[in-house]
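Notes follow once the structure below has been shown.
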Amino acid sequence: MVISWEEYFMGLAKMSALRSKDPNTQVGACIVGQDKRIKSLGYNGMPIGCDDSKFPWGREGGMLDSKYAFVVHAELNAILNSHGQNLEGCTLYATLFPCNECCKAIIQSGIKEVVFMENKYENTDSVKASVRMFESAGVVCREYQKTGQEIDIEL
């Protein structure tokens, strides 16, 4: 079996998402250079050194009682995990359309294309802001075209 580059990169994003301990939404990201070399991977999780079991993962409650103040999103994690590599002109594969905060980091890092698998929050102000900023900055966003290819990997 041979998979396409797109399947490979989105597959890596999906595999990365499986590292997330978020019980509601596991998100993964893969940044790829124009030469098809992988620059970085990321998933949504707590910052390095912050014990996952000592921070909230829920969506309800005040800021300090929910995950929103603490979790680093997959896209930002992938950018930070690149350790200063030049990301100019790269493509970011993400399992979920980026929020407005990740959008800003994507634009600032020079990434020029975002390929996303799902946009389940498309009607939120956060995603509407992302769309507006991506369009203004000339970042191409496109939905991943699922191929239906299934891969069974024994680990």
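In the working numbering, the protein residues as written are 965 to 1119. Where is the CB? At the ideal position from N, CA and C, for every residue including glycine.
Ala1038 classed as buried or exposed, judged by whether at least 16 other C-beta atoms fall within 10 angstroms: buried
What is the DSSP secondary structure of Tyr1057, reduced to helix, strand or coil? strand
Taking the runs of the beta strand (DSSP E) that are 3 residues or longer, which of them lie wholly in the stretch 1069 to 1099? 1077 to 1080
From the DSSP output, read off the bridge partner residues of Arg1120. Since the first residue shown for the chain is 965 and the last is 1119, residue 1120 is missing from the structure and cannot be characterised.
DSSP puts Leu1005 in a beta bridge; with which residues? Cys994
Do Cys1067 and Ser1094 have their CB atoms nearer than 8 Å? yes
Leu1051 burial status per 10 Å Cβ neighbour count (16 or more: buried): buried
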